[in-house]
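Read through the structure below, which is laid out as structure tokens, and then see the notes.
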Amino acid sequence: MGLRQTKIAKLKQHELDEFAKITSLSIEEIRNLHTHFKAISAIEKDDGVIDYQEFCSALKIDKSLISDRIFQLFDTNHDTVINFREFVTGISMLMQENIETQIKLTFNIFDADKTGFISADYIMRLLQSSLDLLDNIYIPKEIVHKIVTSTFVALNKDSEREDKSKIDYQQYRKMMRANPDMLKWLYIDLQKMHSSAQLIMKNPKKYVHKYILATR
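In the numbering used here, the protein residues as written are 5 to 220.
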């Protein structure tokens, strides 16, 4: 059987102009991502959208609690799939390599319930989920618990909030600003996605061919 054709129509000029306006990407980069998007969306089912399985497979991310949260950041309308608008705006967001963007992005990953706070328990679960993916790094759960707990206590030292087991955005930002190296391993999955996006845009035909073959 030959290669399947995806159901996504070619982008029109006004769509290219719109995506370029709302992202940091050029017209050519958007075209490349669209070509790649068409192939990814046909890996499992040729339906013109990317589901969670296709998302993880295409961007070489292991299924985990943190990859699930990253997928949810892309899926802004919460319909359990990613359309092209969500895909291109998400990739654009990940490619902004400055510490303030990384802080906001990781805070949104940790603030799963959109309460404006992240809890010590949830951040420990996410950190452990990330560490479990790293073969060459082992940190006992007790140590992770101790580090997170002591950090939350220190950040809440001058807080009048009764619940000391959670922090708000400003506290989180202060922590990350004081310890920027934390972003290097908290951001591991996002780095993989960023690298994949750069490779796609440098040589889209190579990567599209790779993923289309998976749909034969």
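The beta carbon of each residue, even a glycine, is placed where N, CA and C say it ideally should be.
What number of angstroms, rounded off, separates the C-alpha of residue i from the C-alpha of residue j?
i           : j           : result
residue 192 : residue 75  : With a pLDDT of only 46 at residue 192, under 50, the local geometry of the prediction cannot be trusted, and no value is derived from it.
residue 50  : residue 38  : 15 Å
residue 33  : residue 20  : 10 Å
residue 98  : residue 89  : 14 Å
residue 29  : residue 80  : 19 Å
residue 172 : residue 149 : 19 Å
Are residue i and residue j close, meaning C-beta to C-beta below 8 Å?
i           : j           : result
residue 52  : residue 61  : no
residue 85  : residue 23  : no
residue 47  : residue 133 : no
residue 124 : residue 170 : yes
residue 130 : residue 143 : no
residue 63  : residue 112 : no
residue 187 : residue 110 : yes
Count the other CB atoms within 10 Å of the CB of residue i; is the residue buried (16 or more) or exposed (fewer)?
i           : result
residue 181 : exposed
residue 157 : exposed
residue 83  : exposed
residue 27  : buried
residue 58  : buried
residue 43  : buried
residue 73  : buried
Per DSSP, what kind of secondary structure is residue i in: helix, strand or coil?
i           : result
residue 71  : helix
residue 143 : coil
residue 34  : helix
residue 45  : coil
residue 16  : coil
residue 133 : helix
residue 123 : strand
residue 65  : coil
residue 112 : helix
Which residues does DSSP pair with residue i in a beta bridge?
i           : result
residue 95  : For residue 95, which the question treats as bridged, DSSP gives no partner whatsoever.
residue 171 : 122
residue 54  : 86
Are there any heavy atoms of the ligand GDP lying less than 7 Å away from the beta-carbon of residue i, as far as the coordinates show?
i           : result
residue 146 : Ligands in the displayed structure: none, and consequently the ligand GDP is not present.
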